[in-house]
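*Asks:* Next up is a structure, given as structure tokens.
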Amino acid sequence: MAWKVKYEAGPIEARGYRGAQQVLRSRRETTGAPAALALRPDRIRISAGAEDVSMAAVEVVDAQGRIVPTADHDITFAVTLFPHWNWSGKEGPEIEVWAHSNLDRVELFLNGRSLGSQDVPRNSHVAWKVKYEPGPIEARGYQGAQQVLTSRRETTGAPAALALRPDRIRISAKWWMRRGALCQRQITTSRSR
Numbered sequence: 094m095a096w097k098v099k100y101e102a103g104p105i106e107a108r109g110y111r112g113a114q115q116v117l118r119s120r121r122e123t124t125g126a127p128a129a130l131a132l133r134p135d136r137i138r139i140s141a142g143a144e145d146v147s148m149a150a151v152e153v154v155d156a157q158g159r160i161v162p163t164a165d166h167d168i169t170f171a172v173t174l175f176p177h178w179n180w181s182g183k184e185g186p187e188i189e190v191w192a193h194s195n196l197d198r199v200e201l202f203l204n205g206r207s208l209g210s211q212d213v214p215r216n217s218h219v220a221w222k223v224k225y226e227p228g229p230i231e232a233r234g235y236q237g238a239q240q241v242l243t244s245r246r247e248t249t250g251a252p253a254a255l256a257l258r259p260d261r262i263r264i265s266a267k268w269w270m271r272r273g274a275l276c277q278r279q280i281t282t283s284r285s286r
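Counted the way the numbering used here counts, the sequence shown spans residues 94 to 286.
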């Protein structure tokens, strides 16, 4: 079934009936301008191991939280933590740590302890003065109340090997496909870190 309806902003609703009883209802409403991003994770919990992953749908919504179907914005989240965290022999002095991000807020952790969170100026960075101690340092990026990304650095041991990490597992051997792999070069410790 189809109707020709002149457009006018506001709600439109279709109702389905079986006999005199309504059995279906579908409603659409004109949305406002894009106002925010909504993150809708596919599940609430994931295990603490590095093998578990949760996916989140990122939706552009208006001020009332309705999805704006015509929004065609490219959305990329980023949190980048600087510098490296290998300062053996420099325990005690403060080191300036930066987290660049396009998210709302970043919280910094050292060895699992929170060093506080800061609101990020639009597409900029936040900085902390941190007394160096060996171990992991981590920046957690938040969009609203939702943690979205983590950037982590960890103190490593002495260099022991060079590792190449390809961006794919299989490469076609067919000459006409001319496909290769990009490899990330890493210097690793005896613990492959």
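Heads up, the beta-carbon is just placed ideally off N, CA and C, and yes, glycines get one too.
1) With DSSP collapsed to three states, give me the class of Tyr225.
2) Can you look up Asp212 in the DSSP assignment and give me helix, strand or coil?
3) Measure the alpha-carbon distance for Val223 versus Asp197 and round it to whole angstroms.
4) Among the residues of its own chain, which have a CB less than 6 Å from the CB of Ser210, if the five just before and after it don't count?
5) Taking the alpha carbon of Lys183 as the reference point, which residue from Tyr225, Ala129 and Gly125 has its own alpha carbon closest?
6) Leu196 CB to nearest chain D CB: under 8 Å?
7) Let me know if Ala238 comes out buried or exposed under the rule of 16 or more other beta-carbons within 10 Å of its beta-carbon.
8) In angstroms, rounded to a whole number, what distance separates the CA positions of Ala102 and Thr124?
9) From this set, Ala251, Phe170 and Glu152, which residue's C-alpha is nearest Thr163's C-alpha?
10) Who does Val151 pair with in a DSSP beta bridge?
11) Relative to the C-alpha of Val161, which candidate in Leu174, Arg121 and His193 has its C-alpha closest?
12) Just how far apart, CA to CA, sit Tyr100 and Ala107?
13) Do Ala35 and Leu174 have their C-beta atoms within less than 8 Å of each other?
14) Ala193 by DSSP, collapsed to three states: which one?
15) Which stretch, first to last residue, makes up the beta strand (DSSP E) that contains Pro162?
*Replies:* Taking the definition as stated:
1) One-based indexing of the sequence shown puts residue 225 at position 132. Of the three classes helix, strand and coil, the one that applies to Tyr225 here is coil, per DSSP.
2) Locating residue 212 in the sequence shown gives position 119, counting from the first residue. Reduced to three states, the DSSP call for Asp212 is strand.
3) Residue mapping note: residue 223 aligns to position 130 of the sequence shown, counting from 1. Residue mapping note: residue 197 aligns to position 104 of the sequence shown, counting from 1. Cα to Cα, Val223 sits roughly 22 Å from Asp197.
4) Counting from 1 along the sequence shown, the entry for residue 210 is found at position 117. Cβ neighbours of Ser210 beyond the five flanking positions: Arg198 and Glu200.
5) Looking up residue 183 in the sequence shown gives position 90. Cα-wise, what sits closest to Lys183 is Tyr225.
6) Checking the listed chains, one finds no chain D in this structure; it contains a single protein chain.
7) Counting from 1 along the sequence shown, the entry for residue 238 is found at position 145. So Ala238 counts as exposed.
8) Here residue 102 is taken as the residue at index 9 of the sequence shown, counted from 1. Here residue 124 is taken as the residue at index 31 of the sequence shown, counted from 1. Answer to the nearest angstrom: the Cα atoms are 9 Å apart.
9) Looking up residue 163 in the sequence shown gives position 70. That would be Glu152, whose Cα lies nearest to the Cα of Thr163.
10) As a working mapping, residue 151 is identified with position 58 in the sequence shown. Paired residue(s): Leu132.
11) As a first step, residue 161 is located in the sequence shown; it is residue number 68 there, counting from the start. Checking every option, the nearest Cα to that of Val161 belongs to Arg121.
12) Counted from its first residue, the sequence shown places residue 100 at position 7. Counted from its first residue, the sequence shown places residue 107 at position 14. About 15 Å.
13) This structure cannot settle anything about residue 35, because the visible part of the chain is limited to 94 through 286.
14) For the purposes of this step, residue 193 is taken as residue 100 along the sequence shown, with counting starting at 1. Before going further, note that residue 193 is His rather than Ala in the sequence given. Strand.
15) Position 69 of the sequence shown, counted from the start, is the residue given in the question as residue 162. Element bounds for Pro162: n/a, residue is neither H nor E.
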